[in-house]
Each structure stands twice: as C-alpha cells, then as structure tokens.
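One structure is given below, encoded as structure tokens.
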Amino acid sequence: MVVVVVEVMVVVVVVVVVVVVVVVVVVQVVKVVIVVVVVVVVVVVVVVVVVVVVVVVVVLEVVVKVVVVVVVVVVVVVVVVVVVVVVVVVVVVVVVVVVVVVVVVVVVVI
462 MVVVVVEVMV
472 VVVVVVVVVV
482 VVVVVVVQVV
492 KVVIVVVVVV
502 VVVVVVVVVV
512 VVVVVVVVVL
522 EVVVKVVVVV
532 VVVVVVVVVV
542 VVVVVVVVVV
552 VVVVVVVVVV
562 VVVVVVVVVI
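Numbering (the numbering used here), first residue to last: 462 to 571.
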C-alpha cells in the first residue's frame, strides 16, 4: 500500500514539474513575441512618420508650417493608438494562455 502511494505521489510530482516547465516556456515565448511585435511596430511607425514628414515637407513646401505640424501630430497619434491596441491584444492573448495553463495544471493536480 505504501509503495503504491509513493508511486502515485511521484507521478503527480513529475506531472506538476512538467506542467510548470511548460508554463515557464510558454510565458518566455510570449514575452519574446511581445518584444518582437513591439519592435516591428515601432520600426514601421518610425518609417511611416519619416516618409510622411518627408512627403509633406517636399510636396507642401509652400504651405504654412502649422499644417505640416498638424499632419505629423495626427500620424503620431494614430501610430500610438495602433501600438497600444497591438500591445493590449498581445497582453490579452498572454492572459488567456496563462489562464488555460493554470486550469490545466489544476485539473491535472486534482
């Protein structure tokens, strides 16, 4: 009887350790994905802002400087909103993954 209990406890410990390792790996992967997405979005934003500014300055050279400033500000605001939305979506995905993993761990342990 004691041997069976010990074997069952060993199996439970192994399962819990495996689940914890999987959770840690998933969280690290998600962190890397978040960083990559943010870097890509920032690079794209910078390129878009530079292109827009250059085009606006070259094409609208004669127009008042206030118009150029307003256009740049609008582009920057739109880009910031897009970055925030992307970060929020990634955070929601991370939370969902963590919740699913925790539920799986709880179910496996129980």
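Ideal Cβ positions, reconstructed from N, Cα and C, are used throughout, including at glycine.
In whole angstroms, what is the alpha-carbon distance linking V474 and V487?
-> Counted from its first residue, the sequence shown places residue 474 at position 13. Counted from its first residue, the sequence shown places residue 487 at position 26. Straight through space, the alpha carbons of V487 and V474 are spaced by roughly 20 Å.
Are at least three pairs of beta-carbons, each pair with one atom in the stretch 507-517 and one in the stretch 556-568, less than 8 Å apart?
-> No, the stretch 507-517 is not in contact with the stretch 556-568.
Could you tell me the distance, in whole angstroms, from the CA atom of V540 to the CA atom of V485?
-> Within the sequence shown, numbered from 1, the residue matching residue 540 stands at position 79. Within the sequence shown, numbered from 1, the residue matching residue 485 stands at position 24. Looking at the two C-alpha atoms, the distance is approximately 32 Å.
For E468, three-class secondary structure by DSSP | Taking the sequence shown and counting its residues from 1, the one referred to as residue 468 is at position 7. Helix.
In whole angstroms, what separates the C-alpha of V555 from that of V504?
-> Here residue 555 refers to the residue found at position 94 of the sequence shown. Here residue 504 refers to the residue found at position 43 of the sequence shown. Those two C-alpha atoms are separated by around 23 Å.
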